[in-house]
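**Q** Here it is, the structure, as structure tokens.
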Amino acid sequence: MKKAVFPGSFDPITLGHVDIIKRALSLFDEIIIAIGVNADKKSMFSLEDRLNHIKETFKDESKIKVVSYTGLTVDLCKIEKAEYILRGLRNSSDFNYEQSIAQTNSSLANVESIFIMCSPHLSNISSSIVRDVIRNGGNYTKMVPRSVML
Ligand code: ADP
């Protein structure tokens, strides 16, 4: 059984994340969307809200599980018996950042990182831009799944 962990902050989940997850579904038997909880990082949306946004978005998708975790992503992979970490790539800055993390993860554990290139029309979307638009009262409906608006 091929299982992948898709880790992130998802503060909030965006259409960019949804696109990567949907396109990865044909590659894996199960995708575990994992919200990393970092005590030093203040989020805009509570953990409960972030879990609900993701669960609601994928409520009809039996191959998706949603969890939160603290600590190393590779430790979560061991607990979930996942051999793969899934990540999305938007641009060369994502690549540079992801390269060192993927290399560290593979030296820490026997976990392979799999990257999916984002769809061109979604490459401008990031959770931090969505948060900025929200803070400044802008319209963010075209950047996030409907569950974030509820
Ligand atoms: P992190 O805090 O770990 O960067 P994010 O929630 O911001 O977590 O992102 C999780 C994953 O989703 C990362 O691999 C990131 O590159 C990817 N991602 C974020 N936005 C997009 C997008 N618009 N298109 C494709 N992938 C994206």
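Numbering (our numbering), first residue to last: 59 to 208.
Yeah, the Cβ is synthetic: ideal placement off N, Cα and C, and Gly gets one too.
Closer than 8 Å by C-beta to residue 176: which residues in its own chain qualify, once you throw out the five before and the five after it? Chain order, please.
**A** 74, 77, 78, 146, 147 and 148
**Q** For residue 156 and residue 164, which I take to be in contact (beta-carbon distance under 8 Å), what is that distance rounded to the nearest angstrom?
**A** About 12 Å; that fails the 8 Å criterion.
**Q** Looking at C-alpha atoms only, which residue of 131, 174 and 190 is the closest neighbour of residue 65?
**A** 131
**Q** Is there at least one non-hydrogen atom of ligand 1 closer than 7 Å to the beta-carbon of residue 68?
**A** Answer for residue 68: yes, Cβ within range of ligand 1.
**Q** Is any heavy atom in ligand 1 found nearer than 7 Å to the beta carbon of residue 129?
**A** No; taking the cut-off as 7 Å, the Cβ of residue 129 has no heavy atom of ligand 1 nearer than that.
**Q** Under a Cβ-count criterion, where at least 16 other Cβ atoms within 10 Å of its own Cβ denotes burial, should residue 144 be classed as buried or exposed?
**A** buried
**Q** With 16 other CB atoms within 10 Å as the buried threshold, where does residue 207 fall?
**A** exposed
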